[in-house]
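In the numbering used here, the protein residues as written are 1363 to 1518.
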């Protein structure tokens, strides 16, 4: 807030209550380059997104990928900004490595897709970036709904 701006609590409360509800199951999809394998790959997870006012928490649904994914985002209008963390599988190519970085997503007018970019460090002391999207699947976050997404995307 600029020094000359006056705080208006009624406006602040109104803005928070005007957020659309993005809670539900989403398909998370991002692209990255594996320098060790010399190729591009796509990481996919079904995730559950929970919203509390402008805060969005994203957690991968067990069974939807060998790795686990978390995101903590802040909503500002149609822009989501925050951090991501991926814990890779101990049995996979990355042998349990933990990667993390920043992310910014723009919410499309339909509210059913968020798309943007991630940034994060690589194994060779470099900073990588790539596209990331979340695609809406289901508004329910009940246990029975989440159980239906305990499989790899495209396999169920």
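No residue lacks a Cβ here, since even glycine has one placed at the ideal position from N, Cα and C.
What's the C-alpha gap between residue i and residue j?
i	j	result
residue 1435	residue 1464	10 angstroms
residue 1507	residue 1501	9 angstroms
residue 1503	residue 1409	10 angstroms
residue 1394	residue 1492	6 angstroms
residue 1512	residue 1485	30 angstroms
residue 1338	residue 1515	Residue 1338 cannot be examined here, being either before or after the span of the chain that is shown, 1363 to 1518.
residue 1422	residue 1469	20 angstroms
residue 1420	residue 1444	11 angstroms
residue 1467	residue 1453	31 angstroms
residue 1458	residue 1498	28 angstroms
residue 1372	residue 1414	Low confidence applies to residue 1372: its pLDDT is 45, below 50, so where it sits in the model is not reliable, and the reading given next is rough at best. Approximately 19 angstroms, taken between the alpha carbons.
residue 1490	residue 1437	24 angstroms
If I follow the unbroken alpha helix (DSSP H) through residue i, where does it start and stop?
i	result
residue 1510	1505-1510
For the beta strand (DSSP E) that residue i lies in, which residues bound it at each end?
i	result
residue 1455	Neither: residue 1455 is in no beta strand (DSSP E) and is coded neither H nor E.
For residue i, which residues does DSSP report across the bridge?
i	result
residue 1475	1497
residue 1448	1431 and 1461
residue 1492	1480
residue 1438	1441
Mind checking if residue i is an interface residue toward chain C, Cβ cutoff 9 angstroms exclusive?
i	result
residue 1413	No chain C appears in this structure, which consists of one protein chain only.
Taking buried to mean at least 16 other C-beta atoms within 10 Å of its own C-beta, is residue i buried or exposed?
i	result
residue 1387	buried
residue 1401	exposed
residue 1407	buried
residue 1412	exposed
residue 1370	In this prediction, residue 1370 scores a pLDDT of 48, lower than 50, which makes its location untrustworthy; no coordinate-derived value is stated.
residue 1473	exposed
residue 1517	exposed
Segments assigned alpha helix (DSSP H), at least 4 residues, entirely inside the segment 1378-1432: none
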